[in-house]
Amino acid sequence: DYFHRKSALVDKNDKFHADNDERAIFFCKGVLETVKKLGWSPDIVHCNDWMTSLIPLYLKTTYKKDPVFKDAKSVFTVYNNEFLDKFEGNLVEKAKMLDIDDEMLKELKSNDFSGFVKLGMQYADTVVRSDEDFSDNLNGLFQEYASRKRLSQVAADENLLSSYQALYDELSH
177 DYFHRKSALV DKNDKFHADN DERAIFFCKG VLETVKKLGW SPDIVHCNDW MTSLIPLYLK
237 TTYKKDPVFK DAKSVFTVYN NEFLDKFEGN LVEKAKMLDI DDEMLKELKS NDFSGFVKLG
297 MQYADTVVRS DEDFSDNLNG LFQEYASRKR LSQVAADENL LSSYQALYDE LSH
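Written out as structure tokens, the structure is:
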């Protein structure tokens with residue numbers, strides 16, 4: 177039932193779907209399992225925004241010994257898609273997988289958008305910031321991680337492809 181509805185995050189009355197967290201977690205796990213089943217060995221897994229933010233964590237824990245992912249690097253791009261709605265239930269238990277303990281998922285205890293973004297930023301090899309104007313909250317997250325994480329900014333202009341290719345080349349070598 178996760179993917180049969182026509183709307184992504186909110187219904188026709190702008191009400192946040194109660195299962196958005198579960199759909200994001202299912203999507204992240206499903207992507208990695210699909211890549212594994214197909215035998216693709218990615219050099220880089222590029223994750224875009226909160227809905228894919230668990231993939232860098234999963235790559236560094238549950239999938240780190242898998243031959244398909246052993247050399248893969250992750251890029252996490254954050255956009256200005258912040259929302260204030262809260263997720264329901266215990267996100268830590270929902271997101272947990274093999275080789276992941278509660279401490280690794282502590283950011284999800286906030287039950288919000290920021291918790292997902294923090295995890296993506298924490299576990300990705302590189303964090304990319306789109307060239308949008310960000311909220312004070314997101315700017316704060318970037319500042320928090322800037323001291324200990326490689327951060328890049330990519331402008332959405334005619335050089336977008338070459339900017340990403342340069343980043344990918346750097347990560348692959």
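So for the sequence shown, my numbering puts the first residue at 177; every next one is plus one. Think of the CB as a built atom: it goes at the ideal place given N, C-alpha and C, for glycine as much as any other residue.
Could you check if residue i is buried or exposed, using at least 16 other CB atoms within 10 Å of its CB as the buried criterion?
i, result
"R324", "exposed"
"P243", "exposed"
"A342", "exposed"
"R305", "buried"
"E283", "buried"
"K294", "buried"
"D225", "buried"
"L281", "buried"
"D278", "exposed"
"G265", "exposed"
"D190", "exposed"
"L336", "exposed"
Output needed for residue i: all residues of its chain with C-beta closer than 8 Å, excluding positions within five of it in sequence on either side, in chain order.
i, result
"D275", "T237, T238, K240"
"I220", "A248, K249, S250, V251, Y344, L347, S348"
"L185", "F192, H193, N196, F259"
"M273", "K205, Y234, T237, T238"
"T228", "A200, F203, C204, V207, F252, G296"
"N256", "S306, E308, D309, F310, S311, L314"
Please list, in chain order, all residues of the same chain as residue i whose beta carbon is under 7 Å from its beta carbon, the five residues on each side excluded.
i, result
"K270", "D197, E198, I201"
"P218", "V211, A248"
"D187", "H193"
"P232", "C223, S250, F252, G296, Y299, A300"
Under DSSP, the beta strand (DSSP E) around residue i begins and ends at which residues?
i, result
"I220", "220-224"
"V304", "302-306"
List the endpoints of the continuous alpha helix (DSSP H) containing residue i.
i, result
"F203", "196-214"
"K294", "289-299"
"D345", "336-348"
DSSP on residue i, reduced to helix/strand/coil?
i, result
"F263", "coil"
"T238", "coil"
"S250", "strand"
"F310", "coil"
"F192", "strand"
"V268", "helix"
For residue i, collect the residues of the same chain with a Cβ closer than 6 Å to its Cβ; drop the 5 residues on either side in sequence, then sort them by chain order.
i, result
"H222", "V251"
"V291", "A small correction: the amino acid at residue 291 is Gly; Val does not occupy that position in the sequence shown. Contacts found: E283, L284."
"F245", "L235, Y239"
"D288", "K262"
"V268", "D278, L281, L284"
* **Segment contact flag, the stretch 300-319 with the stretch 260-269, C-beta cutoff 8 Å, min 3 pairs** => No, because fewer than three Cβ pairs between the stretch 300-319 and the stretch 260-269 fall closer than 8 Å, the two stretches do not touch.
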